[in-house]
Amino acid sequence: MLKFSHCRCRLGGVGFVSRKSRHRHSVLRFLLGCFALGVSTLTSVEGAMRLVLQRVKSASVRVEGKMVSSIGPGIMALVGLHEHDTEADLDYCCRKLLAAKLWANENGAQWRHGVKQKNLELLLVSQFTLYGTLSKKNQPDYKLSMKAVQAQEMYSQFLTMVRKSYDETKVQDGIFGAMMDVELINDGPVTIMIDSDPQKQVDDEEEKVDEVKLEVTVRMINLTDTAVGNGPYFKPLEGCSRYEWEECVQPRRIKKSCSTSFQI
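Start counting at 1 in the sequence shown, then tack on 43, and there's your number in the numbering used here.
Next up, the structure:
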């Protein structure tokens, strides 16, 4: 949902014809114009960070024939970064990864314990192809993936976040950007995909920056019947939660500003 908060409007010399319906249409057109100008300042959330979790009995990564890292029982996670991912996505996926209950508990009840309770290992492997799509010619297109330099920084940040939230000695990874040979024995098989929650990111951003604020001051006066002195005038109501056209368009010569919120 896009929010325009504390919108103030001021516009001098805007006239209205005497018919009430035309006043409403003029006001509506003007406010829609304000919305169009303000949309460019809003932050939109597109895409999400992606993890593919595989419960494994063992997993390893080799680069150019040399063993880089290996784990025993635990989770091997492929990590894909979207071009619009932020630190909020990293935090969300880190918590979900460590909380994923892929094992039974000591009583045999399935899906009760995660890596922390079982004291198991993690292997993280960067995987930009998770955001690959096929073009009309069936060729891979990776334009949705985060660019290499920024992705390496974000991946390193995610790796550090996971290690600090668990046990450094139990979190292994491959080599970012390298051609890797990944071997694993999938236990089950069990494979889970996690996407960071876009709405969660919106909520986090709203907590940090409060709301997106568009400050516009509008005063509308009617010049059509000025000589007669009985022309209708637009009068926003102070403190109104939204514009009610029947109430806000008043046939009186009054100038006031309005602090209100719009939702579309």
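Glycine included, C-beta positions come from ideal geometry on N, C-alpha and C.
(request) Mind listing, in chain order, the continuous beta strand (DSSP E) runs of no fewer than 3 residues lying wholly within the stretch 186-221? (result) 214-216
(request) Tell me whether Met-102 sits in a helix, a strand or coil according to DSSP, three-state version. (result) Taking the first residue of the sequence shown as position 1, residue 102 is located at position 59. First, the residue type needs correcting, since residue 102 is Ala and not Met in the sequence shown. In this structure, Ala-102 counts as strand in the three-state DSSP scheme.
(request) Starting from Asp-132, follow the alpha helix (DSSP H) in both directions and report where the run begins and ends. (result) If you number the sequence shown from 1, residue 132 lands on position 89. Element bounds for Asp-132: 130-142.
(request) Can you say whether Gln-215 is buried or exposed, counting buried as having 16 or more other CB atoms within 10 angstroms of its CB? (result) What you label residue 215 is simply residue 172 of the sequence shown in a count that begins at 1. Buried is the call here.
(message) By the three-class DSSP mapping on this structure, what secondary structure does Leu-173 have?
(response) Sequence index remark: in the sequence shown, residue 173 carries index 130 (1-based). Looking at Leu-173 - three-state DSSP - the assignment turns out to be helix.
(message) On the criterion of 16 or more Cβ atoms from any shown chain inside 10 Å, does Gln-170 qualify as buried, or is it exposed?
(response) Stepping through the sequence shown from its first residue, residue 170 is reached at position 127. Buried.
(message) Since Leu-140 and Val-205 should fall inside the 8 Å C-beta cutoff, what is the C-beta to C-beta distance between them, to a whole number of angstroms?
(response) Within the sequence shown, numbered from 1, the residue matching residue 140 stands at position 97. Within the sequence shown, numbered from 1, the residue matching residue 205 stands at position 162. Confirmed, Cβ separation roughly 7 Å.
(request) Quick one: give me the first and last residue of the alpha helix (DSSP H) that Lys-161 is part of. (result) What you label residue 161 is simply residue 118 of the sequence shown in a count that begins at 1. That run of the alpha helix (DSSP H) goes 158-161.
(message) Which of the three DSSP states is assigned to His-127 in this structure?
(response) Taking the sequence shown and counting its residues from 1, the one referred to as residue 127 is at position 84. Coil at His-127, not helix or strand.
(message) Do Val-233 and Arg-98 count as a contact pair if the criterion is CB distance below 7 Å?
(response) Taking the sequence shown and counting its residues from 1, the one referred to as residue 98 is at position 55. Taking the sequence shown and counting its residues from 1, the one referred to as residue 233 is at position 190. Yes, the Cβ-Cβ distance between Arg-98 and Val-233 is below 7 Å.
(request) Pick out whichever of Glu-130, Lys-109, His-125, Ile-118 has its Cα sitting closest to the Cα of Lys-144. (result) Here residue 144 refers to the residue found at position 101 of the sequence shown. Residue Ile-118 is the option with its Cα nearest to Lys-144.
(request) Would you mind sorting Leu-167 into buried or exposed? The rule is 16 or more other CB atoms within 10 Å of its CB. (result) In the sequence shown, the residue the question calls residue 167 occupies position 124. Buried.
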